[in-house]
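Working notes, structure below.
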Amino acid sequence: MTAPAVVLCISGHDPCGGAGIQADIEAVAAAGAHAVTVITAHTVQDTSDVRRVAAVDATLLDEQLRVLAADVPIAAVKIGLLGSAAQVPVLLQFLARLGRPVVLDPVLRAGGGAMLASPGLAAGLLAATTVATPNADEARGLAPAAADLDTAGAALVAAGARHVLITGGDEPGDAVVNRWYRAGHGPRRYVWPRLAGGFHGAGCTLAAAIAARLAQGMEVAAALEDAQAFTQRALAAAVAIGGGRRIPRRIHQ
Ligand code: PLP
2 MTAPAVVLCI SGHDPCGGAG IQADIEAVAA AGAHAVTVIT AHTVQDTSDV RRVAAVDATL
62 LDEQLRVLAA DVPIAAVKIG LLGSAAQVPV LLQFLARLGR PVVLDPVLRA GGGAMLASPG
122 LAAGLLAATT VATPNADEAR GLAPAAADLD TAGAALVAAG ARHVLITGGD EPGDAVVNRW
182 YRAGHGPRRY VWPRLAGGFH GAGCTLAAAI AARLAQGMEV AAALEDAQAF TQRALAAAVA
242 IGGGRRIPRR IHQ
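The numbering used here puts the first residue of the sequence shown at 2, with every later residue one more than the last.
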């Protein structure tokens, strides 16, 4: 059998298994790709909110990335929660050497409200990013001078992200409107029915699903479309494993 495409997932660990690295592994596996994983931070959290983030030492991250990349042919990278400022130059050097598509989910705040990382960390990686997937709140955090989401999307493209998909799950309204921005094109809107209730790990699921599709050779437009449809299915089948928000059902849908 031919080996599946490999996606390197660089994210935090959520002990609930709804978000973070477990979301990545499941979304990548559901696409038929294989996830290799490097943890940026441990978290203390339940399905309602995050209580503490403890960064992994940047030198450990560096060593793991080097050893892994020397052995395994990585086809695409997904980056989620960043643990510390010291991790940013390690990642920039690694990504420049690797030269593969990078999907960046610039995690700033948990759905429960807790701040997880400062915008400066993810902003430092935009120039190395193929597809950034901020939600509306994160897009505003990364482009604080922007008057509206379209201006924020354009600002993130100007900051170096080749494609930006601003997700609207955290905005009010009967529909969820996601917006795709890239240089030389007007914004493209995707409209999805809003599903009832809150979810824990939706953003991680979408970003990892995009990375898996890029790793398998899909063009960006098709990967964005297909990964959104996959995420919508995972959310429609979401399960309550605790007393807080439901987690997406990424496998065995
Ligand atoms: N914990 C980790 C490790 C994450 O990566 C994220 C989001 O990406 C969260 C928690 C918060 O997820 P949510 O906003 O879906 O609750």
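By construction, the Cβ of each residue, glycine as well, lies at the ideal position given by its N, Cα and C atoms.
Inset, instruction - Count the CB pairs spanning the segment 211-220 and the segment 93-110 that are closer than 8 Å, and state whether there are at least three. - result: With a cut-off of 8 Å, the segment 93-110 and the segment 211-220 count as touching, because enough Cβ pairs lie within range.
Inset, instruction - Please report the residue range of the beta strand (DSSP E) in which residue 77 lies. - result: Here the beta strand (DSSP E) through residue 77 covers 75-80.
Inset, instruction - Since I believe residue 180 is in contact with residue 150 (beta carbons under 8 Å), could you give me their beta-carbon distance rounded to a whole number of angstroms? - result: 6 Å
Inset, instruction - Pick out whichever of 138, 22 and 73 has its Cα sitting closest to the Cα of residue 208. - result: 22
Legend entry - Span separating the alpha-carbon of residue 158 from that of residue 124: 11 Å
Inset, instruction - Mark residue 254 as exposed unless 16 or more other C-beta atoms lie within 10 angstroms of its C-beta, in which case mark it buried. - result: exposed
Inset, instruction - Give, in chain order, every unbroken run of the beta strand (DSSP E) that is at least 3 residues long and sits entirely within the segment 42-108. - result: 51-56, 75-80 and 103-105
Inset, instruction - Report yes if the C-beta distance between residue 126 and residue 89 is below 8 Å; otherwise report no. - result: yes
Legend entry - Neighbourhood of residue 243 by C-beta, 8 Å cutoff - its chain only, sequence neighbours within 5 removed: Closer than 8 Å at the Cβ level, and outside the excluded window around residue 243, lie 17, 47, 48 and 49.
Inset, instruction - Please confirm whether any heavy atom of the ligand PLP lies closer than 7 Å to the CB of residue 12. - result: yes
Legend entry - Cβ-based burial, residue 98 [other Cβ within 10 Å; buried from 16]: Here residue 98 is exposed: its Cβ has fewer than 16 other Cβ atoms, across all protein chains shown, within 10 Å.
Legend entry - Assigned exposure category for residue 221 - 16 Cβ within 10 Å defines buried: buried
Legend entry - Top-ranked residue by Cα proximity to residue 169, from 7, 195, 78 and 227: 195
Legend entry - Helix, strand or coil at residue 195 according to DSSP, with G and I counted as helix: Coil at residue 195, not helix or strand.
Legend entry - Sub-8 Å separation of residue 25 and residue 36 beta-carbons: yes
Legend entry - Sequence-distant residues of its chain with Cβ nearer than 7 Å to residue 118 (five each side left out): 82, 83, 108 and 109
Inset, instruction - Have a look at residue 235 and residue 85 and give me their C-alpha separation to the nearest angstrom. - result: 30 Å
Legend entry - residue 130: CB within 7 Å of a non-hydrogen atom of the ligand PLP: No, the Cβ of residue 130 stays beyond 7 Å of every heavy atom of the ligand PLP.
Inset, instruction - Starting from the Cα of residue 79, find the closest Cα among 53, 45, 40 and 68 and give me that residue. - result: For the residues 53, 45, 40 and 68, the minimum Cα distance to residue 79 belongs to 40.
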